[in-house]
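Data first, discussion second: the structure below is written as structure tokens.
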Amino acid sequence: MRITNEGPESSGQDSLAELLRLQAEFQAHLAEETLRYLRAVQATLAPRSPGTVVQPAPDARLEATAAPGEDVQLAFDLENRQRVHSQATPALTPLVADTGATWFPAARPEPVSALVPPGEVVAFTIDVAVPADVPPGTYRGTLVLQGFRQDGLPVVITVAAPESAS
Amino acid sequence: MSDAAPAVRLVDVPGQTGRTTVSLLASLAARLGALHAVTGADATGSLTAGYAALGREVAVTADGARLKEAIERTRTGANGDALWERLRLQEWASSLPPAPILDDLRNDLALLAADDLDTVLALPPAPAEALGDEGPLPAPSTFAEYLVGMWAFAHEVVRGIEALVATSASPSSAVRPGPPPDEHGSLDGPLLR
Numbered sequence: 037m038r039i040t041n042e043g044p045e046s047s048g049q050d051s052l053a054e055l056l057r058l059q060a061e062f063q064a065h066l067a068e069e070t071l072r073y074l075r076a077v078q079a080t081l082a083p084r085s086p087g088t089v090v091q092p093a094p095d096a097r098l099e100a101t102a103a104p105g106e107d108v109q110l111a112f113d114l115e116n117r118q119r120v121h122s123q124a125t126p127a128l129t130p131l132v133a134d135t136g137a138t139w140f141p142a143a144r145p146e147p148v149s150a151l152v153p154p155g156e157v158v159a160f161t162i163d164v165a166v167p168a169d170v171p172p173g174t175y176r177g178t179l180v181l182q183g184f185r186q187d188g189l190p191v192v193i194t195v196a197a198p199e200s201a202s
Numbered sequence: 003m004s005d006a007a008p009a010v011r012l013v014d015v016p017g018q019t020g021r022t023t024v025s026l027l028a029s030l031a032a033r034l035g036a037l038h039a040v041t042g043a044d045a046t047g048s049l050t051a052g053y054a055a056l057g058r059e060v061a062v063t064a065d066g067a068r069l070k071e072a073i074e075r076t077r078t079g080a081n082g083d084a085l086w087e088r089l090r091l092q093e094w095a096s097s098l099p100p101a102p103i104l105d106d107l108r109n110d111l112a113l114l115a116a117d118d119l120d121t122v123l124a125l126p127p128a129p130a131e132a133l134g135d136e137g138p139l140p141a142p143s144t145f146a147e148y149l150v151g152m153w154a155f156a157h158e159v160v161r162g163i164e165a166l167v168a169t170s171a172s173p174s175s176a177v178r179p180g181p182p183p184d185e186h187g188s189l190d191g192p193l194l195r
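One line per chain: the protein sequences are A and B, in this order.
The first sequence begins at 37 in our numbering and counts up one residue at a time.
The second sequence begins at 3 in our numbering and counts up one residue at a time.
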């Protein structure tokens with residue numbers, strides 16, 4: 037912010053107005069930051085909600101190859117290692133090709149969501165329709181379980197050129 | 003377990019109290035107790051921030067991204083943004099720590115499904131663990147994120163409740179044999195015309 041001394045007649049008034057404006061701005065900013073700090077303090081006093089972390093097996097990833105217009109099926113097993121039930125809802129992120137093309141896959145998980153009892157395993161399949169107009173290439177993304185922290189499962193779908201699909 | 007399918011495990015957050023019936027009950031009780039110590043504006047604002055935080059997270063998925071883009075392109079998005087700005091909802095929701103609404107929902111569903119809830123309810127109440135300085139900090143929230151979060155949360159509620167009763171629910175097209183008509187007189191009524 038710049039306070040000018042230009043104009044011998046109005047310089048006193050302008051400077052005072054600018055000073056008042058800066059002061060008001062400072063007070064507003066101070067109040068906002070104080071409130072933000074208090075909110076952070078408030079968060080430290082809140083009860084913790086025990087959470088869940090997704091832990092894929094080392095080097096695990098979902099891979100499939102298809103031609104445009106075909107369907108692919110991805111499958112994975114989900115094991116609940118917690119001591120209570122856990123609800124899991126899988127979803128795919130957009131898939132990005134080496135060329136930079138981004139494909140927003142229409143994924144149909146089965147089951148759509150599962151309440152997994154402790155110690156049990158649920159087998160999920162995800163059908164993905166490859167659009168007829170998707171450019172051939174290797175598309176990479178991630179399978180995530182909505183709302184869970186940290187990792188997902190890497191997904192690689194290779195879309196072959198239509199001639200070489202058979 | 004299917005052959006050769008990649009495995010994913012759900013585990014407790016390392017270094018924190020794990021998910022047990024005791025800890026989930028303590029967390030629920032503490033959440034309810036905290037409502038007496040905060041204003042309605044703070045509680046609602048924290049929930050609003052929680053929906054927006056969930057929406058931000060879900061927007062990284064293909065379905066979430068599609069929905070968020072669609073909201074932003076429509077009049078709904080423009081009207082929502084106008085309300086969000088004019089009523090200063092953005093400042094309100096962005097200045098409060100987001101509530102972990104999906105964790106809370108899933109923890110409450112797990113309590114409803116717990117085999118040992120009766121035993122745990124009979125025990126002396128256990129204190130909940132405080133969030134400490136690892137809690138989520140306030141973050142800027144947009145209307146589109148809030149709406150995507152509401153969408154994801156609503157789906158999760160529906161799926162969760164359906165999963166809880168799945169083993170005992172009748173098929174949606176089930177037919178139940180009724181009594182012979184002559185046993186209870188003729189079947190009649192406003193729905194049977």
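Think of the CB as a built atom: it goes at the ideal place given N, C-alpha and C, for glycine as much as any other residue.
Asked: Should Val205(A) and Leu26(B) be called a contact, given that it needs their Cβ atoms to be closer than 8 Å?; Found: The structure shown has nothing for residue 205(A), since chain A only spans 37 to 202.
Asked: Looking only at DSSP bridge pairs, what is Gln109(A) linked to?; Found: Asp163(A)
Asked: Would you call the CB atoms of Pro24(A) and Asn109(B) closer than 8 Å?; Found: Examination of residue 24(A) is not possible in this model, given that chain A is present from 37 through 202 alone.
Asked: May I have the straight-line CA-CA distance separating Val169(A) from Ala150(A), to the nearest angstrom?; Found: With the sequence shown as reference, residue 169(A) is identified as Asp, and Val is not the correct amino acid for it. If I take the Cα positions, the gap works out to 33 Å.
Asked: What residues in the stretch 105-127 of chain A bring their beta carbon closer than 8 Å to a beta carbon of chain B?; Found: Ala111, Phe112, Asp113, Leu114, Glu115, Asn116, Arg117, Gln118, Arg119, Val120, His121, Ser122, Gln123, Ala124, Thr125, Ala127
Asked: Applying a beta-carbon distance threshold of less than 9 Å, which residues of chain B neighbour Arg176(A)?; Found: Those do not exist, as Arg176(A) stays about 13 Å from chain B at its closest Cβ, beyond 9 Å.
Asked: Taking the alpha-carbon positions, what's the Leu104(B) to Leu56(B) distance?; Found: 8 Å
Asked: For Ala130(B), which residues in the same chain have their Cβ closer than 6 Å to its Cβ, ignoring the five residues on either side in sequence?; Found: Ala28, Ser29, Ala32
Asked: Along the alpha helix (DSSP H) that carries Ser48(B), what are the first and last residues, could you check?; Found: 42-60
Asked: Measuring straight from C-alpha to C-alpha, what distance separates Ala201(A) and Gly173(A)?; Found: Reliability of the predicted coordinates at Ala201(A) is poor, the pLDDT of 45 falling under 50, and the value obtained from them is presented with this limitation in mind. Computed Cα separation, rounded: 12 Å.
Asked: Can you tell me whether Leu12(B) is buried or exposed? The criterion is at least 16 other CB atoms within 10 Å of its CB, across all chains shown.; Found: buried
Asked: The alpha helix (DSSP H) with Gln92(B) in it runs from where to where?; Found: 91-96
Asked: Step through the CB atoms of chain A and report whether any lies within less than 8 Å of the CB of Thr50(B).; Found: no
Asked: For Ile163(B), is the classification buried or exposed, using 16 other Cβ atoms within 10 angstroms of its Cβ as the cut-off for buried?; Found: exposed
Asked: Closer than 9 Å by beta-carbon distance: list the chain A residues that pair up with Arg161(B), in chain order.; Found: Gln123, Thr125, Pro147, Val148, Ser149, Ala150, Leu151
Asked: Would you call the CB atoms of Gly82(B) and Phe145(B) closer than 8 Å?; Found: yes
Asked: Report the partner residues of Ala127(A) according to the DSSP bridge assignment.; Found: Val180(A)
Asked: Could you please tell me which residues of the stretch 59-86 of chain B, in chain order, have their CB closer than 8 Å to any CB of chain A?; Found: Glu59, Val60, Val62, Thr63, Ala64, Asp65, Gly66, Ala67, Arg68
Asked: Please report the distance separating the alpha-carbon of Glu61(A) from that of Ala133(A).; Found: 47 Å
Asked: Do we get a CB-CB distance below 8 Å when we pair Asp14(B) with the residues of chain A?; Found: yes
Asked: Given Ala142(A), which residues of its chain have a CB within under 8 Å of its CB, disregarding the five upstream and five downstream residues?; Found: Val164, Ala165
Asked: From this set, Val157(A), Glu99(A), Pro171(A), which residue's C-alpha is nearest Ala137(A)'s C-alpha?; Found: Pro171(A)
Asked: Determine whether the Cβ of Arg57(A) lies closer than 8 Å to any Cβ atom of chain B.; Found: no
Asked: Could you give the distance in angstroms between the alpha-carbon of Glu99(A) and the alpha-carbon of Val180(A)?; Found: 15 Å
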